[in-house]
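According to my numbering, the residues represented by the sequence shown are 15 to 462, in order. Positions of the beta carbon are idealized from the N, C-alpha and C atoms, including for glycine. Fair warning: this is a prediction, and the values are worked out from it, not measured in the lab. Remarks on the structure that follows.
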Amino acid sequence: MRPDFRGLRRKLRDRMASGDELAHNRALILAENCTNSVQANLVGGNFFTGLLLLLNASTLQIGMVNILTYVCNTLQLLSPLILERYASRKKLLIFSRIVIHVLNIVMIGLVGILPVAERLRVTLILGLIALLNAVSALTSPGFSVWHIQSIPDRERANYFSANQRLVNFAVYILILVGGLFIDRFKAMDREMLGFLILRGVAVLFAVWDICLLARIKEYEYPKSNPPTVKSLFTEPFHAKLYMLSVLIGFLWNFFATTTGSYYSVYMLQHLQVSYSFLNLVSALYVPVVLFLAPVWARYINRTSWLSVFWKALLFYGVFYCGHSFVNADRLWLYPVVVIFCFLLSPAINLVMANIAYYNIPEKNQTIYLSFYSFCSMIGAILGNLFATQFMLHTEGRTFRMFGVPMISNQFLPTITGLLIVALGVIVFFLDRREIRLKKEAPPEEEPF
């Protein structure tokens, strides 16, 4: 069975022709998600790790990138104090996105070629990472509230399924080509030039991203009392159902980030694999998500979000442990393990894309989304701190599992996998608890 892209386009066209403004907005949001994700991946991921390695950044400095990102994103908690002052936020949000693009694509690229010591360049890049993530943190809940206006609850599973398919298709095709491109420049000992050219392409996608954002309509937000610092911390606790979503976001970001960038360092530095190999394996996610995302979406619609989530987590965690057994003699195992994980990834990604909006009250959504993001970032910080401390205290140590020797970078995925299995068990009990809370919840706390 092939994915019905023609049917998807026809449905969108028919609904837009019939005057369905929300459908038109969703189409624009899908396109904007694609362009923004492409530019982010052209300057991030393995390419950004490779840039830091080219500047002789240490393993701990590379780990600091994730920690800085998550620490700065805790500022999302303060976002409502800024955004709730504006009846219309579109112009402010677009301006913030322009600032982020300039810092992330242009400024980091320029710092990479400054005629100063490599240590100073790495320090400046870390400073820029902190600054752009601070700007993003203060405005990103505004994007979420703005865009979710056009995605009613009945459309969520199908929308996030379409978003996964289109975004991943666009991203992986581009990064696969980008990997081949960087490998060619690396063979000519001109890797830095390759990274700069990729950033030039990312600028074009960033401009396209801004143009699409300008076309997405913003609707009036539900009126509510101006938030106070106290309400940022206290109001979410009055919505018991939503706090389950917050707990899941916290635990997922804690457990799933305990590997950090250290495994990428293991693959690139210790096994000396090429960017093309890593990106080609990653690109296998495209055909998987094209076929399985709509299947998982239908399964969610027939059952429930949490029911699908805990089942997917249990199997995903077990398969994820397989990354630890990849070494120079068993490099073939890497794509096998990744493909098995990919089979479950669409389900997990669908749930996590919606979990921030799951059971969210109708009013003061900026407060709830900011609180959710704050707790998620705290979880991610703890996960990365765990990984960093683990690397510090196990440097030079060899682990042995089922007779296979492993260095610390290599062993981390086993810890992550077992934690994800534990999360699956926790979500199983939360699923049962949610069923009970929904029976007890008063009407005003029901999800809209």
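No Cβ-Cβ contact shorter than 8 Å links residue 227 with residue 35. For residue 202, there is no enclosing beta strand (DSSP E), as DSSP gives it neither H nor E.
The beta-bridge partner set that DSSP reports for residue 446 is empty. Remark: C-beta atoms of residue 422 and residue 404 approach each other more closely than 8 Å. Counted as a single uninterrupted DSSP element, the beta strand (DSSP E) harbouring residue 419 occupies residues 418-421.
Around the beta carbon of residue 153, 16 or more other beta carbons sit within 10 angstroms, so the residue counts as buried. In the DSSP assignment, residue 414 falls outside any alpha helix (DSSP H) and within the unbroken beta strand (DSSP E) covering 412-415. The Cβ atoms of residue 351 and residue 331 lie no closer than 8 Å to each other. The beta carbon of residue 356 sits closer than 6 Å to those of 299 and 302, all from its chain and outside the five residues before and after it, given in chain order. Taking the Cβ atoms as the reference, residue 126 lies roughly 17 Å from residue 82, outside the contact range of under 8 Å.
A residue is called buried once 16 or more other Cβ atoms fall within 10 Å of its Cβ, and residue 109, having fewer, is exposed. Distances from the alpha-carbon of residue 450 to those of 255, 132 and 223 put 255 closest.
With contacts defined by Cβ atoms closer than 8 Å, residue 224 and residue 111 form a contacting pair. For residue 401, the secondary structure class from DSSP, reduced to helix, strand or coil, is helix.
Taking all protein chains shown into account, residue 134 has fewer than 16 neighbouring C-beta atoms within 10 Å of its C-beta and is therefore exposed.
In the DSSP assignment, residue 121 falls outside any alpha helix (DSSP H) and carries neither an H nor an E. Per DSSP, the unbroken alpha helix (DSSP H) holding residue 156 starts and ends at 132-162. If you look at residue 252, you'll find it isn't in any alpha helix (DSSP H); DSSP assigns it neither H nor E. Along the segment 58-110, the alpha helix (DSSP H) occurs as fully enclosed runs of 4 or more residues at 59-68, 73-87 and 93-97, listed in sequence order. A distance below 6 Å between beta-carbons, with the five flanking residues on each side excluded, links residue 53 to the following residues of its chain, in chain order: 216, 219 and 220. Taken in chain order, the complete alpha helix (DSSP H) segments of 4 or more residues contained in the segment 299-371 are 299-316, 319-334 and 347-369. For a cut-off of 8 Å, the C-beta gap from residue 283 to residue 67 is around 7 Å, short enough to register as a contact. Listed in chain order, the non-local C-beta contacts of residue 123 below 8 Å within the same chain comprise 57, 209, 210 and 213, local neighbours out to five positions each way being set aside. In summary, residue 317 is exposed, with fewer than 16 beta-carbon neighbours lying within 10 Å of its beta-carbon over all protein chains present. The residue among 268, 131, 100 and 187 with its C-alpha nearest the C-alpha of residue 435 is 268.
A contact is defined here as three or more CB-CB pairs under 8 Å, and the segment 364-383 fails this definition with respect to the segment 337-346. Using a Cβ distance threshold of 8 Å, residue 324 and residue 442 count as a contacting pair.
Separation of the CB atoms of residue 107 and residue 155 is rounded to 10 Å, and the pair is thereby denied contact status at 8 Å. Taking a contact as a CB-CB distance under 8 Å, the pair residue 360 and residue 306 counts as one, their CB atoms being some 5 Å apart.
Cβ-Cβ distances below 6 Å link residue 55 to 185 and 189 in the same chain, with the five nearest sequence neighbours on each side left out; the list follows chain order. For residue 275, no alpha helix (DSSP H) segment is defined, and its DSSP state is neither H nor E. Judged by their CB atoms, residue 79 and residue 143 are nearer to each other than the 8 Å cut-off.
Sequence-distant partners of residue 368 (beyond 5 residues in either direction) whose C-beta falls short of 7 Å from its own C-beta, in its chain, are 170, 174 and 319.
In the three-state reduction of the DSSP assignment, residue 295 falls in the helix class, which pools H, G and I. The alpha-carbon of residue 297 is positioned some 18 Å away from that of residue 333. Between residue 136 and residue 71, the CB-CB gap stays under 8 Å.
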